[in-house]
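First the structure, in the form of structure tokens, and then the observations on it.
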Amino acid sequence: ALEAALHAPPETNVTTQTLLAWEDLDRWPLGRLLDTLSDLQRPAGTGLDAPLLVALVLSRVGLVSRAVACLQAGLQRQPEHPLAHYKLAQFLGGQNQPEAALQHMLQAWQSLKALQAPSQFLHLEMLNQLLMLLQATSQYARCPEWLEAFAQHCAALQQTALSPAQQQRVREAEGACAL
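Be aware that the sequence shown starts at 57, since it is given in the working numbering, and climbs by one per residue.
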């Protein structure tokens, strides 16, 4: 499944449904990721993106440099893919490349905003990481505008019907942002 997904044509666009599926995708066990890659080979598919799933699998098995290459290749085909930029930023940050990570996180944010998706945890997670990258690159003057964006999306998310677990995630995101 992994090899087939590497050679599969990319999804043509990212939708709000894809973003909603992403909410828990990052926390899936490796077996579920591999099963989902197999499902991508079926005509009905899952609505998820093969290069993104392949990159997650590669990173989970310790092949982060291959995951980075996979995401970069996917971005050649889909340069506005917010989730690919987001994961690439995370991987580059972990490889001590904060400037490159910041650029990809900013692109992820712009691409996410272009989708006009309603506020969700992904917005808060991206903004938290963007703020951390601004600090890592000593760009403190840019933090207030992003803190304001975080507050706006946090308020919007709190206006929706959230389960106790989701409310806890919002509180955790607020706490991480305060740090």
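Virtual Cβ for every residue (Gly too), placed ideally from N, Cα, C. Note that this is a predicted model, so its numbers are computed, not measured.
Which residues bound the alpha helix (DSSP H) around residue i?
i: W165; result: P154 to L171
i: P138; result: P138 to G150
For residue i, does the three-state DSSP call read helix, strand or coil?
i: V124; result: helix
i: G103; result: With a pLDDT of only 45 at G103, under 50, the local geometry of the prediction cannot be trusted, and the value read off the model is given with reservation. In the structure shown, G103 sits in coil (DSSP, three-state: anything other than H, G, I, E or B).
i: A217; result: coil
i: T193; result: coil
i: S175; result: coil
i: G87; result: helix
i: P200; result: helix
i: G130; result: helix
i: L119; result: coil
Pick from the options: whose alpha carbon is nearest that of residue i?
i: L183; options: L171, E204 and Y196; result: E204
i: P135; options: Q153, Q166, G87 and L186; result: Q166
i: H141; options: F177, P107, R225 and M161; result: M161
i: L178; options: A229, N152, E201 and L148; result: A229
i: E201; options: L144, L187, L213 and H137; result: L187
i: Q195; options: R88, P154 and L89; result: P154
i: F147; options: K169, V120 and A173; result: V120
i: R116; options: Q132, L86 and S94; result: L86
i: T193; options: A221, K143, A125 and Q159; result: Q159
Which whole-angstrom value is the C-beta distance of residue i and residue j, which I expect to be below 8 angstroms?
i: A164; j: L189; result: Wrong, their Cβ atoms sit about 11 angstroms apart, outside the cutoff.
i: L180; j: C210; result: 6 angstroms
i: A123; j: L114; result: 4 angstroms
i: S175; j: L213; result: 5 angstroms
For residue i and residue j, I'd like the C-alpha separation in whole angstroms.
i: G130; j: L139; result: 11 angstroms
i: D91; j: L127; result: 20 angstroms
i: L89; j: L109; result: 7 angstroms
i: G231; j: G149; result: 21 angstroms
i: A111; j: H137; result: 14 angstroms
i: K169; j: R225; result: 21 angstroms
i: A145; j: R227; result: 24 angstroms
i: Q208; j: Q191; result: 20 angstroms
i: F206; j: C233; result: 8 angstroms
i: R132; j: L171; result: Inspection of the sequence shows that residue 132 is occupied by Gln rather than by Arg. The alpha-carbon atoms of Q132 and L171 are separated by roughly 19 angstroms.
i: Q222; j: Q215; result: 12 angstroms
i: A125; j: Q185; result: 21 angstroms
Any beta carbon of chain D sitting closer than 8 angstroms to that of residue i?
i: A129; result: Structure shown: chain D not included; a single protein chain is present.
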